[in-house]
Amino acid sequence: MYEAVATLRSTTYTQDSALNQVPVYTDREVFVKPRSVSRNDFYQAAQSGLKPSIVLVISTAEDYQGEKVVLFESKEYTVLRVYQRPEKDEVELTLEERTENAV
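For the numbering used here, count along the sequence shown from 1 and bump the result up by 239.
Written as structure tokens, this is what we have:
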């Protein structure tokens, strides 16, 4: 069921000796179930200039802690939408593939 593994990445910032902001990444692996983006969700997002690529379902809500970046199958994604299914303890993350210029 949740046979794939995704890495959830959170970012905090620290200062180096020159007082520059330096990102510090914390990665956690979770089991997920990949799904396609529905046609309706894809076209609704496109009207806002977004391009959802994939949906990952996390088995328990406790496994998601507000991360904004997800690494999955050698690609980096930005979280566009988080939906906690009311009938289950699952969380659906709608993701957009990050481009080279993304921060």
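The C-beta atom is built at its ideal place from N, Cα and C for all residues, glycine as well.
query: Y252 versus V261, V244, A245, residue with shortest Cα-Cα distance; result: V261
query: F270 vs V244 beta-carbon contact at 9 Å; result: yes
query: For D280, three-class secondary structure by DSSP; result: helix
query: Heavy atom of the ligand GTP within 8 Å of E242 beta-carbon; result: This structure lacks the ligand GTP, and indeed carries no ligand of any kind.
query: Cβ-based neighbour list, D302, same chain, cut-off 7 Å, excluding 5 preceding and 5 following; result: V269
query: Status (buried if at least 16 other CB within 10 Å, exposed otherwise) for L258; result: exposed
query: Residues bridged to Y322 [DSSP beta-bridge criterion]; result: E331
query: Where the beta strand (DSSP E) containing T246 begins and where it ends; result: 243-254
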